[in-house]
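Chemist:
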Amino acid sequence: MQSQIAKTYDKYAKQYADYLEQRLPQCLLTKFISLLPAKAVVLDAGCAAGRDSAYLAEECLAVKGIDISKEILKIARKRAKEDNLNIVFRNNSIYKIAYKDSAFQGIWCMDTFNHISKKEIRKTLKELRRVLKKEGILFISTLAGEEEGMDQLDYMPEKVFCAEHNQPEIEEELRNAGFNIIDSSFDQPEGEVHINIFARKL
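Those letters in the sequence shown? Residues 253 to 454, by my numbering.
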């Protein structure tokens, strides 16, 4: 499934990058930064074209970005170079992150869980927790709902695997994985209901 998702985003990398530029989640980014120490080392897990990575780097955080799409990472690297930002991007799956234990003080996951099935939530959170320092901050934003399966998104003409998640269930998974919920809320950008969760590693 991950290979199919990667191939689809490779094919429509430019369209997706253009779509993302219209949707900077500035309030959420600002809250995330406020929960971190100055110059924190953070991971943008599912960084896409580097929009959020760039914002975090401009706020003097040390940013690493990972994504499964090689083509979209080319756009992210080009952007960082043009903006003179020192961001390290890697072609890497969230299921097996190529960083050592406790490498990060914060992890940002904007819409990444939209492509993670319900049955894969537990192993994903376990891996995110592994690379996060004690007391580190994890942010997750994901589509709210109960559906999962192949779907056609606004920014690409081909179907790709998508998953919606239930707020109580994902909060429970976070607690079981060793996180404390700091804040959990909903927003509705462009008609899509998202769950936004800030959590701290215990």
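Don't be surprised by glycine CBs; every beta carbon is placed ideally from N, CA and C. As the structure is a computational prediction, the values presented were derived from the model and not from experiment.
1) Under the DSSP definition of a beta bridge, which residues are partnered with residue 415?
2) Decide if the stretch 318-338 is in contact with the stretch 401-420; the criterion is three or more beta carbon pairs, one per stretch, under 8 angstroms apart.
3) Use the C-beta contact count for residue 443: other C-beta atoms within 10 angstroms, 16 or more gives buried, fewer gives exposed.
4) In the DSSP assignment, what are the bridge partners of residue 445?
5) Over what stretch of residues does the beta strand (DSSP E) that includes residue 314 continue unbroken?
6) Which residue from 274, 300 and 391 puts its Cα closest to that of residue 261?
7) On a Cα-Cα basis, can you pick out the residue from 317, 363, 293 and 287 that is closest to residue 275?
8) Can you round the beta-carbon distance between residue 365 and residue 388 to whole angstroms, since I take them to be within the 8 angstroms contact cut?
9) Less than 8 angstroms between the C-beta atoms of residue 325 and residue 338, yes or no?
Modeler: On the basis of the coordinates in this document:
1) Here residue 415 corresponds to residue number 163 of the sequence shown, with the count starting at 1. In the DSSP output, where bridge partners are listed per residue, residue 415 has 400.
2) no
3) Translated into positions along the sequence shown, residue 443 becomes position 191. Label assigned to residue 443: exposed.
4) Counted from its first residue, the sequence shown places residue 445 at position 193. Partner(s): none; residue 445 has no beta bridge.
5) As a position in the sequence shown, residue 314 is number 62, starting the count at 1. 314-319 is the extent of the beta strand (DSSP E) around residue 314.
6) For the purposes of this step, residue 261 is taken as residue 9 along the sequence shown, with counting starting at 1. Out of 274, 300 and 391, 300 has the C-alpha closest to the C-alpha of residue 261.
7) Position 23 of the sequence shown, counting from 1, holds the residue named residue 275. Nearest of 317, 363, 293 and 287 to residue 275, Cα basis: 363.
8) Position 113 of the sequence shown, counting from 1, holds the residue named residue 365. Position 136 of the sequence shown, counting from 1, holds the residue named residue 388. Wrong, their Cβ atoms sit about 18 angstroms apart, outside the cutoff.
9) In the sequence shown, residue 325 corresponds to position 73, counting from 1. In the sequence shown, residue 338 corresponds to position 86, counting from 1. Result no, Cβ atoms of residue 325 and residue 338 do not sit closer than 8 angstroms.
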